[in-house]
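Written below as structure tokens is the structure these notes are about.
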Amino acid sequence: MCGIIGYIGNREATDVLIDGLKRLEYRGYDSAGIAVLNGHGIEVERAEGKLSHLEAKIHKHKPKGHIGIGHTRWATHGVPSERNAHPHHVEDVVVVHNGIIENYSQLRKELIQKGCHFKSETDTEIFCHLINEELKKTKEIQKAIANALKKVRGAYAIVVLYAKEPHKLYVAKLGSPLVLGFGKKENFVASDVPALLPYTREVAYLEDGEFAVVSDGSLNVVDSHGHPVTKKKTHIAWDALMAEKGGYKHFMLKEIFEQPRVVEQTIMGRIQLGSTQLTLEGIPKLFGATGFPFKQVAILACGTSWHAGMVAKYWFEQLARVPTTVHLASEFRYANPLIDSKTLVISISQSGETADTLAATQLAKQKKAKVLAICNVLGSSLTRASNATLYTHAGPEIGVASTKAFVSQMTVLYLLTLEMASRKKIMSKEELLTKMEEIRKLPQNLETVLQKADAIKKIAKECVNASHFLFIARGLQYPVALEGALKLKEISYVHAEGFAAGELKHGPIALVDKGVPVVALIPPSETYEKILSNVEEVKARGAFVIAVGEKGDEELEEKADAVIGLPKTVYSLTPILYAVPLQLFAYYIADFKGTDVDQPRNLAKSVTVE
Ligand code: AGP
């Protein structure tokens, strides 16, 4: 997820671009750049790191001109660096892009064969070369851009500057957001509304497939068939901070609701419709062309990432028959672990900077293990310390409590499970296809779960004064129960614990008293009856039982005080769906309590100390 902006009008473009990028930094902040047409040609300025680095760089000589584009990056291809920062520029064509081009490797190869020289490792630079190549044929920029777009597969929001057309911005959108802003003798385009608010509240959202030509006094939009489109204007009433949160009260809530899109981005380019072929970057090099060369897997992580690892253990062992251990990184470091060169170590970290996980990873490497990172930040310390990285394309996670990164981690780990099962010939082609079909339904199923938000808010309201919460589950849901408890603890400061439901009778049931909320995760499974009896045990002692299960399960309606019914899916994917109601439950309780949801006390987004 990146932030892009374009401006054309009578102001100094550089001022508008920098100010707009500041309001889009929540979308990505590992490098930034602007390009301005200054009357003599294109002036491009880029810098690695936060936007302040770019500001310092141009402080003495701000590019002058009234039309320009800008970009603040969240790297998906090519580590954060000035060379990989946008805008990318080839001859008279300059581009900023938000999205992922799925077929960029193929296109890059073809363009290099045509004699194109690439200066960056990004997928975005493809657009510059494609447009430039098309220009040689069409001699007309709009047609050249349209032809180039037909060749790419994936998601894009792009703004193009063409030095020979100094009074127009060319804008196209497919799968990534773009909003147009209307001023007096000036117009704007940006990834999101916050960048526009200081100048205008009259906006129009581009739809997928639309192409716009923006000048300072006009706007021409066509749809994917080239037919003219009249854009309906919307008046934005939000203030700037609300706008950064997309109208949500907190970043955490926004990120919870981003999860369907995040799963789409995480699977994009990795599975193809009707094919059992998985494309997981770095895996062929790490695993070899075929087979699975490791004796065991050892997963290292902390906090929520450790819960993702616990879910992965079930998948790796039950679906791919790979012996798997899961370790708290802070414990692993001092445990003299039994790993060696035949061990695949998987280090999971949203930030890629967690000190304990980094130290545990170093120990794993000293013991000759190969390391695969599952990480959300390109170029972070963990990715540079690992043999390979599978990225979670969750975009920047601003809320300290991890939500969308957790769901994205599980999605990546599930794809990895299928890859291992396929390589070990454990799973038939039919079974693989079925599981992939279910993965493709995940975004829609997550949307359905999110529609339960108001019902979950009502349940949270009933529990807001409880001082103890229990989360119980069995099997694949057990790590999700732990995650639900962690979410509640860390943002509402209330005591909560997750238990394997079978353990209740070994002590924890002593905690159950009248009115104690017990959240029970009960998807249809071989342990369904067992956990139902656990529910009756706690009910008999006065608990307020909140059951999370499959929509329409009448037994849950009978036995529980409140039921959250979720869409039907294969059991193996239930952890991804069942995590979301628990995120919302924790969020609403914290919000009712008025705690600092996005930056809870005593916590940090990335624990870079031991
Ligand atoms: C999760 O909500 C917490 N913020 C925390 O447990 C976090 O998951 C943990 O610190 C690990 O962070 P990482 O994924 O960036 O390594």
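When we follow the numbering used here, the leftmost residue of the sequence shown carries the number 31, and every step to the right adds one.
All residues carry an ideal CB built from backbone N, CA and C; glycine is no exception.
Note to self: According to DSSP, is ILE171 part of a helix, a strand, or is it coil?
What the structure shows: Three-state result, ILE171: helix.
Next item on the list: Reducing DSSP to helix, strand and coil, say where PRO367 ends up.
Entry: coil
Item checked: Exposure of SER111, with buried meaning 16 or more beta-carbon neighbours within 10 Å -> buried
Next item on the list: Would you identify the three-state DSSP class for ILE521, choosing helix, strand or coil?
Entry: helix
Check: Can you tell me where the beta strand (DSSP E) with ASN128 in it begins and where it stops?
Finding: 123-131
Check: Does the distance from the C-beta atom of VAL66 to that of ALA43 stay below 8 angstroms?
Finding: yes
Note to self: Any contact between the segment 507-514 and the segment 335-353? By contact I mean 3 or more CB pairs, one from each, below 8 angstroms.
What the structure shows: yes
Notebook entry, point to check: Can you give the Cα-Cα distance for GLN507 and THR604, rounded to whole angstroms?
Noted result: Rounded to whole angstroms, GLN507 and THR604 show a C-alpha spacing of 8 angstroms.
Checklist line | Contact under 8 angstroms by Cβ, HIS127 with THR154 | finding: Yes, the Cβ-Cβ distance between HIS127 and THR154 is below 8 angstroms.
Notebook entry, point to check: HIS197 and SER150: beta carbons closer than 8 angstroms?
Noted result: No; because the gap between Cβ atoms is not below 8 angstroms, this pair is not in contact.
Check: Quick one: is the Cβ of GLU285 within less than 7 angstroms of any heavy atom of the ligand AGP?
Finding: no
Next item on the list: Pull up the CB-CB distance for VAL442 and PHE499, whole angstroms please, since I reckon it's below 8 angstroms.
Entry: With 8 angstroms as the limit, VAL442 and PHE499 do not qualify as a contact, their Cβ atoms being about 29 angstroms apart.
Checklist line | LYS471 - containing alpha helix (DSSP H), residue span | finding: Boundaries of the alpha helix (DSSP H) harbouring LYS471: 459-480, taken from the DSSP string.
Notebook entry, point to check: Among the residues of its own chain, which have a CB less than 6 angstroms from the CB of ALA573, if the five just before and after it don't count?
Noted result: VAL542, VAL546, VAL548
Check: Which class does VAL109 belong to by DSSP, given the choice of helix, strand or coil?
Finding: coil
Notebook entry, point to check: Would you report the Cα separation of LYS397 and LEU368, rounded to the nearest angstrom?
Noted result: 9 angstroms
Notebook entry, point to check: The alpha helix (DSSP H) spanning GLN143 covers which residue range?
Noted result: 134-143
Margin query: What does the alpha-carbon distance come out to for the pair PRO323 and ASN162?
Written below: Roughly 44 angstroms separates the two Cα atoms.
Check: Can the beta-carbon of VAL437 be found less than 8 angstroms from the beta-carbon of VAL293?
Finding: yes
Item checked: ALA359 vs ALA390 beta-carbon contact at 8 angstroms -> yes
Check: With respect to 7 angstroms, is the separation between the Cβ of GLU640 and the closest non-hydrogen atom of the ligand AGP below this value?
Finding: no
Notebook entry, point to check: Do PHE522 and the ligand AGP come close, with the Cβ less than 7 angstroms from some heavy atom?
Noted result: First, the residue type needs correcting, since residue 522 is Ser and not Phe in the sequence shown. Checking the Cβ of SER522 against the ligand AGP gives no.
Next item on the list: Verify the contact flag: LEU516, CB atom, against every heavy atom of the ligand AGP, threshold strictly below 7 angstroms.
Entry: Under cutoff, so the answer is yes.
Margin query: Between VAL219 and the ligand COA, is there a pair consisting of the residue's CB and a ligand heavy atom that are separated by less than 7 angstroms?
Written below: By its list of ligands, the structure shown excludes the ligand COA, since it contains just the ligand AGP.
Note to self: Once the 5 residues before and after ARG470 are set aside, which same chain residues still bring their CB inside 8 angstroms of it?
What the structure shows: ILE297, ILE301, LEU303
Note to self: Using C-beta distances below 6 angstroms, list every residue in its chain close to ALA234, excluding the 5 sequence neighbours before and after it, in chain order.
What the structure shows: Within the same chain, ALA234 has close Cβ partners LEU210, LYS261, LYS263.
Item checked: Residues bridged to LEU199 (per DSSP) -> LEU191, VAL244
Notebook entry, point to check: When the Cα of THR131 is compared with those of ARG57, THR464, LYS180, which residue comes out closest?
Noted result: The sequence given here has Ile at residue 131, not Thr. ILE131 has its Cα closest to that of LYS180, out of ARG57, THR464, LYS180.
Notebook entry, point to check: Taking Cβ to Cβ, would you say HIS423 is nearer than 8 angstroms to GLN295?
Noted result: Yes.
Notebook entry, point to check: Which residue from ASP122, ARG57, TRP268, ILE35 puts its Cα closest to that of ALA202?
Noted result: ILE35
Next item on the list: Determine the closest residue to ALA394 out of GLU588, ILE486, ARG291, ILE376, with distance taken between C-alpha atoms.
Entry: ILE376
Next item on the list: Kindly indicate the opening and closing residues of the alpha helix (DSSP H) around LYS560.
Entry: 558-569
Note to self: Taking the straight line between their C-alpha atoms, what separation do you get for ASN114 and GLU580?
What the structure shows: Cα to Cα, ASN114 sits roughly 46 angstroms from GLU580.
Check: For the ligand AGP, any of its heavy atoms closer than 7 angstroms to the Cβ of VAL430?
Finding: yes
Check: Mind checking whether GLY532 and ARG571 have CB atoms under 8 angstroms apart?
Finding: no
Margin query: Need the endpoints of the alpha helix (DSSP H) that VAL442 sits in, please.
Written below: 434-453
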